[in-house]
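Engineer: With the UniProt record's numbering, letter number 2 in the sequence shown gets 2, and the count goes up by one each step, no holes.
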Amino acid sequence: MKRSAEIKEYSQSLSMATKKKVLVLGTGYVSEPVLEYLSRDRDIEITVGSDLKNQIEQLGKKYNINPVVLDISKQEEKLGSLVATQNLVISLLPYVLHPLVAKACITSKVNMVTASYITPALKELEKSVEDAGITVIGELGLDPGLDHMLAMETIDRAKEVGATIESYISYCGGLPAPEHSDNPLRYKFSWSPVGVLMNIMQPATYLLNGKVVNVAGGVSFLDAVTPMDYYPGLNLEGYPNRDSTKYAEVYGIQSAHTLLRGTLRYKGYAKALNGFVKLGLINRDAFPALRPEAKPLTWKELLCDLVGISPSSKHDVLREAVLKKLGGDSTQLEAAERLGLLGDEQVPRAESVVDALSKHLAMKLSYGPGEKDMIVMRDSFGIRHPSGHLENKTIDLVVYGDVNGFSAMAKTVGLPTAMAAKMLLDGEIQAKGLIGPFSKQIYGPILERIKAEGIIYTTQSTVKS
1 MKRSAEIKEY
11 SQSLSMATKK
21 KVLVLGTGYV
31 SEPVLEYLSR
41 DRDIEITVGS
51 DLKNQIEQLG
61 KKYNINPVVL
71 DISKQEEKLG
81 SLVATQNLVI
91 SLLPYVLHPL
101 VAKACITSKV
111 NMVTASYITP
121 ALKELEKSVE
131 DAGITVIGEL
141 GLDPGLDHML
151 AMETIDRAKE
161 VGATIESYIS
171 YCGGLPAPEH
181 SDNPLRYKFS
191 WSPVGVLMNI
201 MQPATYLLNG
211 KVVNVAGGVS
221 FLDAVTPMDY
231 YPGLNLEGYP
241 NRDSTKYAEV
251 YGIQSAHTLL
261 RGTLRYKGYA
271 KALNGFVKLG
281 LINRDAFPAL
291 RPEAKPLTWK
301 ELLCDLVGIS
311 PSSKHDVLRE
321 AVLKKLGGDS
331 TQLEAAERLG
341 LLGDEQVPRA
351 ESVVDALSKH
361 LAMKLSYGPG
371 EKDMIVMRDS
381 FGIRHPSGHL
391 ENKTIDLVVY
401 GDVNGFSAMA
411 KTVGLPTAMA
421 AKMLLDGEIQ
431 AKGLIGPFSK
441 QIYGPILERI
451 KAEGIIYTTQ
461 STVKS
């Protein structure tokens with residue numbers, strides 16, 4: 001009996017020694033699908049680090065994890081010693097913190113993956129990553145992530161048969177399921193809206209029929225919004241994102257005369273936000289009247305200030321002034337009214353007007369219990385074959401969130417990230433350096449494995465002679 005107990009103890013200590021150690025940083029909405037996926041492998045020991053103690057405790061009740069309370073921006077030394085004991089780090093933190101994590105990984109020669117964009121700040125560490133002989137993979141989520149993988153699969157297959165890509169248009173949107181879209185924005189937020197709100201202030205650049213098109217952000221953003229004719233039951237609109245032209249090089253499709261990556265929303269979203277821009281609500285400048293030490297301010301008083309009338313003005317006078325500021329657009333006025341922006345509710349304390357609006361919308365337009373989100377992605381390619389035929393190929397990805405389960409956004413961001421992490425741990429990915437999921441070695445297995453998780457995409461082609 002003693003002998004079998006000794007053997008059991010020995011095998012346990014052996015398995016502990018051979019366990020692969022993964023540090024997951026961040027406990028936001030994406031972390032659960034990552035933890036669930038990694039927990040399927042008993043040989044992975046998971047440590048979760050976050051400065052949100054209650055969130056870690058909740059995750060600890062569901063998953064077998066080692067919780068560590070850690071504020072990485074203030075405890076770099078603690079982060080460094082924690083990273084040093086791991087085989088891999090998954091950073092699900094805000095993108096501004098990734099360089100901090102990457103530096104700790106470089107020092108201890110530990111591999112790292114993240115779902116977010118490879119930012120210029122991360123790119124600066126490229127040589128250090130190479131010198132350390134480690135692998136840091138970024139852009140593993142949905143957008144960026146699955147969008148790259150689906151594009152590269154089609155592009156590589158086209159090149160294999162000697163075809164060239166003449167056009168590439170990709171639109172993606174995270175939306176509430178249609179039955180939960182009844183609000184002036186036709187949109188709901190699962191995290192801070194400030195990034196989404198500021199997005200429309202950014203200029204965008206794309207390539208259309210060989211010409212570079214520049215779109216200004218702000219008030220003229222509405223001019224770039226176009227109705228989408230696919231999924232007519234969803235009544236979608238789309239607008240271009242940032243700089244699409246750089247993807248000619250990233251994807252190796254310099255042959256393309258049209259290159260556009262954009263965002264999908266339900267029709268009416270852009271118009272409502274355009275009203276916010278006209279009213280001066282999408283403004284990041286410091287606004288002292290909203291600071292904690294200032295006297296409380298109502299939305300009515302703030303709007304009076306923004307449209308230049310007395311704060312004691314009657315509601316009808318404010319309504320008239322707002323309508324004038326909106327150029328007589330009654331739909332935009334109605335959106336502002338329905339969201340309580342002309343009412344007596346107190347404006348949340350914030351550094352700027354857009355931060356206050358962000359807090360307000362996060363309360364008004366968050367997902368309620370049992371409400372679902374959905375992901376819609378549509379890629380369109382023009383592929384010229386050696387025979388001269390033009391193939392128009394579309395790829396469609398539609399994913400619904402699970403009621404009281406994982407959201408569609410959490411699944412489509414978290415699962416590809418977790419899969420890449422496991423591939424690194426298992427030695428399936430041999431590439432070194434700072435990379436995205438652009439090689440077949442990475443995107444091939446992930447696109448196959450997401451199907452088993454219910455992330456299904458379909459392709460369709462028509463050929464013109």
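In this text, a Cβ means the ideal position worked out from N, Cα and C, and glycines have one as well.
When you compare the CB positions of Ala163 and Pro386, do they come within less than 8 Å of one another, or not?
Structural biologist: For Ala163 and Pro386, yes; Cβs fall inside 8 Å.
Engineer: Please return the same chain residues whose Cβ sits closer than 7 Å to the Cβ of Gln55, not counting the five positions on each side in sequence.
Structural biologist: Excluding sequence neighbours, Gln55 sits near Thr27.
Engineer: Which of helix, strand or coil does DSSP assign to Ile90?
Structural biologist: Correct three-state label for Ile90: strand.
Engineer: Under DSSP, the beta strand (DSSP E) around Pro240 begins and ends at which residues?
Structural biologist: Element bounds for Pro240: Leu236 to Pro240.
Engineer: Going by Cα to Cα distance, which pick from Trp299, Gly238 and Asp229 is closest to Asp223?
Structural biologist: Asp223 has its Cα closest to that of Gly238, out of Trp299, Gly238 and Asp229.
Engineer: If you run the structure through DSSP and keep just helix, strand and coil, what is Tyr37?
Structural biologist: Three-state result, Tyr37: helix.
Engineer: Please report the distance separating the alpha-carbon of Glu45 from that of Ser108.
Structural biologist: Going from the Cα of Glu45 to the Cα of Ser108 covers about 18 Å.
Engineer: Hey, quick one: how far does the alpha helix (DSSP H) through Gln58 stretch, first residue to last?
Structural biologist: Gln58 -> alpha helix (DSSP H) spans Lys53 to Lys62.
Engineer: With respect to the alpha helix (DSSP H) encompassing Tyr269, which residues constitute its N-terminal and C-terminal limits?
Structural biologist: Tyr269 to Lys278 is the extent of the alpha helix (DSSP H) around Tyr269.
Engineer: Mapping DSSP to helix, strand and coil, what is Leu447?
Structural biologist: Correct three-state label for Leu447: helix.
Engineer: Checking the sheet assignment: what are the DSSP bridge partners for Gly262?
Structural biologist: According to DSSP, Gly262 bridges with Tyr171 and Pro240.
Engineer: Can you confirm whether the segment 389-404 touches the segment 191-202 when touching is taken to mean that 3 or more C-beta pairs between the two stretches lie within less than 8 Å?
Structural biologist: Contact fails: fewer than three Cβ-Cβ distances are below 8 Å.
Engineer: Taking the beta strand (DSSP E) that Tyr247 belongs to, which residues open and close that run?
Structural biologist: Premise fails: Tyr247 lies in the alpha helix (DSSP H), Tyr247 to Val250, not in any beta strand (DSSP E).
Engineer: Three-state secondary structure (DSSP) at Thr425?
Structural biologist: Looking at the sequence provided, one finds Leu at residue 425 rather than Thr. Three-state DSSP puts Leu425 in a helix.
Engineer: Can you tell me whether DSSP reads Gln441 as helix, strand or coil?
Structural biologist: Three-state DSSP puts Gln441 in a helix.
Engineer: Determine the DSSP secondary structure at residue 542, reduced to helix, strand or coil.
Structural biologist: No information on residue 542 is available, as it lies outside the stretch 1 to 465 that the chain covers here.
Engineer: Given a cut-off of 8 Å on the beta-carbon distance, is the pair Met374 and Ala115 in contact?
Structural biologist: No.
Engineer: Considering Cα atoms alone, identify which of Ser310, Glu453 and Ser244 is closest to Ser167.
Structural biologist: Checking every option, the nearest Cα to that of Ser167 belongs to Ser244.
Engineer: Between the segment 347-367 and the segment 413-429, can you find at least three pairs of beta-carbon atoms closer than 8 Å?
Structural biologist: No: fewer than three Cβ pairs fall under 8 Å.
Engineer: Using the DSSP secondary-structure output, state which residues sit across from Gln460 in a beta bridge.
Structural biologist: BP columns for Gln460 point to Thr394.
Engineer: For Thr119, count neighbouring Cβ atoms within 10 angstroms of its own Cβ and tell me buried if that reaches 16, exposed if not.
Structural biologist: Flag for Thr119 reads exposed.
Engineer: Between the C-alpha atoms of Ala289 and Lys295, what's the straight-line distance to the nearest angstrom?
Structural biologist: Distance between the alpha carbons of Ala289 and Lys295 is about 7 Å.
Engineer: In whole angstroms, what is the alpha-carbon distance linking Ile90 and Gly145?
Structural biologist: Ile90 and Gly145: Cα-Cα distance of roughly 15 Å.
Engineer: Kindly confirm or deny that the segment 322-338 and the segment 137-153 touch, where touching means at least three C-beta pairs closer than 8 Å.
Structural biologist: Touching, no.
Engineer: For Ser128 and Lys432, I'd like the C-alpha separation in whole angstroms.
Structural biologist: In a straight line, the C-alpha of Ser128 is about 12 Å away from that of Lys432.
Engineer: Using 8 Å for Cβ pairs, my map puts Lys422 next to Ile455. What's the rounded Cβ distance?
Structural biologist: Actually they are not in contact, since the Cβ atoms of Lys422 and Ile455 sit about 16 Å apart, beyond 8 Å.
Engineer: Got a sec? Which residues, its chain only, sit under 8 Å from Leu52 by beta carbon, not counting five neighbours each side?
Structural biologist: So the qualifying residues of the chain are Thr27.
Engineer: If we count the other Cβ atoms within 10 Å of its Cβ and call it buried at 16 or more, is His257 buried or exposed?
Structural biologist: Exposed, because fewer than 16 other Cβ atoms sit within 10 Å of the Cβ of His257.
Engineer: Are Trp299 and Leu236 touching if we call contact CB-CB under 8 Å?
Structural biologist: In this structure, Leu236 does not lie closer than 8 Å to Trp299 by Cβ.
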